[in-house]
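Peer 1:
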Amino acid sequence: MNALQIAVADGMTIAKRNALKIRRAPDLLGGVVMLPIVFVLLFGYIFGSMIDIPGMTYGEYMLPGIFVMTIVTSAQITGYTLTLDLQKGVFDRFRTLPMSSSAVLTGQTVSDVIMNLTSLVTMAVVGLVVGWRIHTSPFEAALGFLLLLFFSYAFSWVTATVALALRTPEIFNNVATIVSLPLVFLSNAFADSTRLPGPLKVVAEWNPVSTLIQAARELFGNTSPAMPAPGAWPLQHAVPVSLLWTLLLLAVFAPLATRLYKRSVSR
Amino acid sequence: MPDAIVAEGLVKRYGDVVALDGMDLAVPEGTVFGLLGPNGAGKTTTVRILTTLLKPDAGHARVAGFDVVRDVRPLRAHIGASGQYAAVDDHLTGAENLEMVGRLYHLGTGRAKQRARELLERFDLTEAADRPVQGYSGGMRRRLDLAGALVADPPVLFLDEPTTGLDPRARASLWDVISELVAEGTTVLLTTQYMDEADRLADRIAVVDHGHVIALGTADQLKDQVGGDRIELSLTSAADLATATRTLAPLAVGSVQTDTAAFRMTIPVTGGAAALTSALGRLAAERIDVRDAGLRRPTLDDVFLTLTGHETDGKIKETVR
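These protein sequences, in sequence, are chains A and G.
For the first sequence, my numbering begins at 1 and goes up steadily by one.
For the second sequence, my numbering begins at 1001 and goes up steadily by one.
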């Protein structure tokens, strides 16, 4: 086997391990299936009764936002799992094996894509039940889901980097919550960001999460001509800019995380 | 016999803390080498460098003929390592854990499965093979972790405190397994803070403190190095203990250890029974009540105490030099 074949085979072995873990661990499964359902119903009914979106139902407007919020929050599972493995000495074992040094992280991030796919399908089904609809061609809709999954894959590398730098599960969880909450809520996920006051509006419009949500809305057709057109440049070119963000995150954080992994040892 | 493990002048610093300060080791093939030392002595750091987890700041080392910095990949294919914490996955079954390790050694799926079953049988885990590790006892986890280190039948094995935290029965069963491995020719580097473990398993022992080897030899050589016999006395008051320490100092051939809480003292002596008689005579002359007195051969504990001035389990005893 050459180096690439080894890397792929080892990555698959680790991904298989993680998939088994998700299936057996009720807490992980809860995060993957139950939490997204709760998100859709809770946010749909609470905000839906308060926020008026011109030209469409709130459910239609909100669901792409919920998709992205779930991706961002469940990427934290990547980081959390890694800190646990690091702490328990599992990485020490892996690093004494003649395996590919990138496999642990690629395996982890790939299995997280499978997890995110499960979450997305669950949310889409619940969404359809509560009134969300796709108004575009099947091709565009598929592109929407692929873009979400691709972004989730890249974002897993971000949380992996943060996790390996912070090392302990408790610290990681705190930091992840502090960072991910504003990332999700200072966006166009739940309300029209053009109505935010000055500086917050700028932050929300340039937030990559907003861009991705806008891209998903366009690809699923959850937009309305009655809505004010987004003024910021990334929101006007949401699909290509989302793709750029995803590639940028991958290019920066995949090598960074791999470097941290190679130096990681339990203490 | 060629050396399976050679380390020369290993140095490792963490900021201002010097974890390793010129560590030298040579372990002949097919032998068990014990690294004995208190917490923080540098045992684990040594193992981490030899298993390629850490890079040394200075010095070099070879394991099974491979350099620990330059030949990382081939070196890893020739070693097995089992750590202080059982690095096994709770949600996977015992069999799945071992199969995964086998695949990561690139044995191929069929061979990995077969090897997992062999090892589970050997480590008496066949019954638990298809249960998630979550339900395993501490001893079972350690056995599974050790089995994981053996998947590729490595010629060199690193065991970092393999029995720390286990109950006596689980320890004894793990010791049996390790002894068997050695009989088959595996070279083992073992770290431990337990004297009895080193005594029982290791052909040669290096006592480690402050990041380097302070004594080296077989268990018997180390015991001889400390001197011959030791008198153990149990007195009835702290005042008596202080007087006795002064009175008996001329008889001691090393440092006298006292335990002020239990009014006990240990005096290294030469001359066996005669020294005991003389000591008791001196105490009687000082009118010191002796609750219990005895003479014994040194243990590795004594070796350790004498060499490092502190106990292995972290308790510091007062040492009069």
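We put the CB at the ideal spot given by N, CA and C, even for glycine.
1. Tell me, please, whether the CB atom of A/Leu-256 is closer than 8 Å to any CB atom in chain G?
2. Below 8 Å between beta carbons: does that hold for G/Asp-1229 and G/Gly-1272?
3. What residues of chain A sit near G/Ile-1079, judged by a beta carbon separation below 9 Å?
4. I'd like the span of the alpha helix (DSSP H) that includes A/Met-62, first residue to last.
5. To the nearest angstrom, how far is it from the Cα of A/Ser-101 to the Cα of G/Ala-1112?
6. Is G/Asp-1313 helix, strand or coil when you go by DSSP?
7. Can you give me the start and stop residues for the alpha helix (DSSP H) that A/Tyr-268 sits inside?
8. Taking only the alpha-carbon atoms, compute the straight-line gap between G/Ser-1255 and G/Ser-1179 and give it to the nearest angstrom.
9. For the beta strand (DSSP E) containing G/Thr-1191, name the first residue and the last one.
10. Kindly say whether A/Asp-10, judged by its beta-carbon, lies nearer than 8 Å to any beta-carbon of chain G.
11. For G/Gly-1042, which residues in the same chain have their Cβ closer than 7 Å to its Cβ, ignoring the five residues on either side in sequence?
12. CA-CA distance, G/Ala-1238 and G/Ala-1261?
13. Is the beta carbon of G/Met-1140 closer than 8 Å to that of G/Leu-1159?
14. According to DSSP, is A/Met-123 part of a helix, a strand, or is it coil?
15. I need the DSSP call for A/Leu-42, collapsed to helix, strand or coil.
16. Is it buried or exposed, G/Lys-1055, if we count other Cβ atoms within 10 angstroms and call 16 or more buried?
17. If you count every other CB in all the chains shown that lies within 10 Å of the CB of A/Ala-251, and 16 or more means buried, which is it?
18. Check whether the Cβ of A/Lys-201 lies closer than 8 Å to any Cβ atom in chain G.
19. Where does the unbroken alpha helix (DSSP H) through A/Ser-210 begin, and where does it stop?
20. Would A/Val-33 pass as an interface residue toward chain G - the criterion being a Cβ-Cβ separation below 8 Å?
21. Can you tell me where the alpha helix (DSSP H) with G/Tyr-1014 in it begins and where it stops?
22. Quick check on the burial criterion: 16 or more other C-beta atoms within 10 angstroms. Buried or exposed for A/Val-121?
23. Using the beta-carbon of each residue, which ones in chain G are nearer than 7 Å to A/Ala-25?
24. Show which residues of chain G have a CB atom less than 8 Å away from the CB atom of A/Ile-6.
25. Shortest alpha-carbon distance to G/Glu-1161 belongs to which of G/Arg-1143, G/Val-1151, G/Asp-1153, G/Pro-1154?
26. Below 8 Å CB to CB, which residues in the same chain sit around A/Thr-258 once its five sequence neighbours on both sides are set aside?
27. Could you tell me whether the Cβ of G/Thr-1218 comes closer than 8 Å to any Cβ of chain A?
28. How would you list, in chain order, the residues of chain G whose beta-carbon sits under 8 Å from the beta-carbon of A/Val-265?
29. Straight-line CA distance for A/Gly-89 to G/Asp-1176?
30. Using the beta-carbon of each residue, which ones in chain A are nearer than 7 Å to G/Ala-1087?
31. Could you check the C-alpha separation between A/Val-33 and G/Ile-1205 for me, to the nearest Å?
32. Output yes or no for whether 8 Å exceeds the beta carbon distance between A/Pro-98 and A/Met-227.
33. Please state the DSSP three-state secondary structure of G/Arg-1321.
34. Which residue or residues does DSSP assign as beta-bridge partners of G/Gly-1139?
35. Would you give the residue range spanned by the beta strand (DSSP E) that G/Thr-1306 belongs to?
Peer 2: The answer reads as follows:
1. Locating residue 256 of chain A in the first sequence gives position 256, counting from the first residue. So, not an interface residue.
2. Numbered from its first residue, the second sequence carries residue 1229 of chain G at position 229. Numbered from its first residue, the second sequence carries residue 1272 of chain G at position 272. Closer than 8 Å, so yes.
3. For the purposes of this step, residue 1079 of chain G is identified with residue 79 of the second sequence, where counting begins at 1. Near G/Ile-1079 (Cβ distances below 9 Å), the residues of chain A are Thr-96.
4. Mapped onto the first sequence, residue 62 of chain A falls at position 62. 58 to 88 is the extent of the alpha helix (DSSP H) around A/Met-62.
5. The count along the first sequence starts at 1 and reaches residue 101 of chain A at position 101. The count along the second sequence starts at 1 and reaches residue 1112 of chain G at position 112. One C-alpha to the other measures close to 20 Å.
6. Position 313 of the second sequence, counting from 1, holds the residue named residue 1313 of chain G. Low confidence applies to G/Asp-1313: its pLDDT is 43, below 50, so where it sits in the model is not reliable enough to give any reading.
7. Given that chain A is displayed from residue 1 to residue 267, the structure contains no residue 268 of chain A and the question cannot be resolved.
8. Taking the first residue of the second sequence as 1, we reach residue 1255 of chain G at position 255. Taking the first residue of the second sequence as 1, we reach residue 1179 of chain G at position 179. Taking the straight line from one Cα to the other gives about 35 Å.
9. Numbered from 1 along the second sequence, position 191 holds the residue referred to as residue 1191 of chain G. Element bounds for G/Thr-1191: 1187 to 1192.
10. Here residue 10 of chain A corresponds to residue number 10 of the first sequence, with the count starting at 1. Yes, its Cβ sits closer than 8 Å to a Cβ of chain G.
11. Numbered from its first residue, the second sequence carries residue 1042 of chain G at position 42. Ala-1019, Leu-1020, Met-1023, Val-1208, Gly-1211.
12. Working through the second sequence from its first residue, we reach residue 1238 of chain G at position 238. Working through the second sequence from its first residue, we reach residue 1261 of chain G at position 261. Whole-angstrom Cα-Cα distance: 8 Å.
13. Along the second sequence, one-based indexing puts residue 1159 of chain G at 159. Along the second sequence, one-based indexing puts residue 1140 of chain G at 140. Cβ distance not < 8 Å, so G/Leu-1159 and G/Met-1140 don't count as in contact.
14. As a position in the first sequence, residue 123 of chain A is number 123, starting the count at 1. If DSSP states are grouped into helix, strand and coil, A/Met-123 belongs with the helices.
15. Start at 1 with the first residue of the first sequence, and residue 42 of chain A comes out as number 42. Here A/Leu-42 sits in helix by DSSP.
16. On the second sequence, residue 1055 of chain G is found 55 positions in, with the first residue counted as 1. By the neighbour-count rule (16 or more Cβ atoms within 10 Å), G/Lys-1055 is not buried but exposed.
17. Your numbering for residue 251 of chain A matches position 251 in the first sequence. With fewer than 16 Cβ atoms within 10 Å of its Cβ, A/Ala-251 is classed as exposed.
18. As a position in the first sequence, residue 201 of chain A is number 201, starting the count at 1. False, the Cβ-Cβ gap to chain G never drops below 8 Å.
19. Counting from 1 along the first sequence, the entry for residue 210 of chain A is found at position 210. Note, A/Ser-210: alpha helix (DSSP H), 208 to 220.
20. Residue 33 of chain A sits at position 33 when you count from the first residue of the first sequence. For A/Val-33, the answer is no, since every Cβ of chain G falls outside 8 Å of its Cβ.
21. Walking along the second sequence from the start, residue 1014 of chain G turns up at place 14. Unbroken run through G/Tyr-1014 is the beta strand (DSSP E), 1003 to 1014; no alpha helix (DSSP H).
22. On the first sequence, residue 121 of chain A is found 121 positions in, with the first residue counted as 1. It counts as exposed.
23. Position 25 of the first sequence, counting from 1, holds the residue named residue 25 of chain A. Within 7 Å Cβ-Cβ: His-1091.
24. Counting from 1 along the first sequence, the entry for residue 6 of chain A is found at position 6. Under the 8 Å cutoff, chain G gives His-1106.
25. Here the question's residue 1161 of chain G lines up with position 161 in the second sequence. The residue with the shortest Cα to Cα distance from G/Glu-1161 is G/Arg-1143.
26. Reading the first sequence from its first residue, position 258 is the one you call residue 258 of chain A. So the list reads Ser-101, Ser-102, Leu-105, once near-sequence residues are dropped.
27. Locating residue 1218 of chain G in the second sequence gives position 218, where the first residue counts as 1. No - not a single Cβ of chain A is within 8 Å of the one on G/Thr-1218.
28. One-based indexing of the first sequence puts residue 265 of chain A at position 265. The answer, in chain order, is Arg-1048, Leu-1053, Leu-1054.
29. Residue mapping note: residue 89 of chain A aligns to position 89 of the first sequence, counting from 1. Residue mapping note: residue 1176 of chain G aligns to position 176 of the second sequence, counting from 1. Using only the alpha carbons, I get a separation of about 25 Å.
30. Translated into positions along the second sequence, residue 1087 of chain G becomes position 87. Within 7 Å Cβ-Cβ: Lys-88, Gly-89, Val-90, Asp-92, Arg-93.
31. As a working note, residue 33 of chain A is residue 33 in the first sequence. As a working note, residue 1205 of chain G is residue 205 in the second sequence. In a straight line, the C-alpha of A/Val-33 is about 55 Å away from that of G/Ile-1205.
32. For this step, residue 98 of chain A is matched to residue 98 along the first sequence. For this step, residue 227 of chain A is matched to residue 227 along the first sequence. Taking 8 Å as the Cβ cut-off, A/Pro-98 and A/Met-227 do not qualify as a contacting pair.
33. Working through the second sequence from its first residue, we reach residue 1321 of chain G at position 321. Any reading at G/Arg-1321 must be qualified, since the residue scores a pLDDT of 34, below 50, and its modelled position is unreliable; the value itself is stated next. Of the three classes helix, strand and coil, the one that applies to G/Arg-1321 here is coil, per DSSP.
34. As a first step, residue 1139 of chain G must be located in the second sequence, where it is residue number 139. Bridge partners of G/Gly-1139: none, in fact.
35. As a first step, residue 1306 of chain G must be located in the second sequence, where it is residue number 306. Unbroken run through G/Thr-1306 is the alpha helix (DSSP H), 1300 to 1308; no beta strand (DSSP E).
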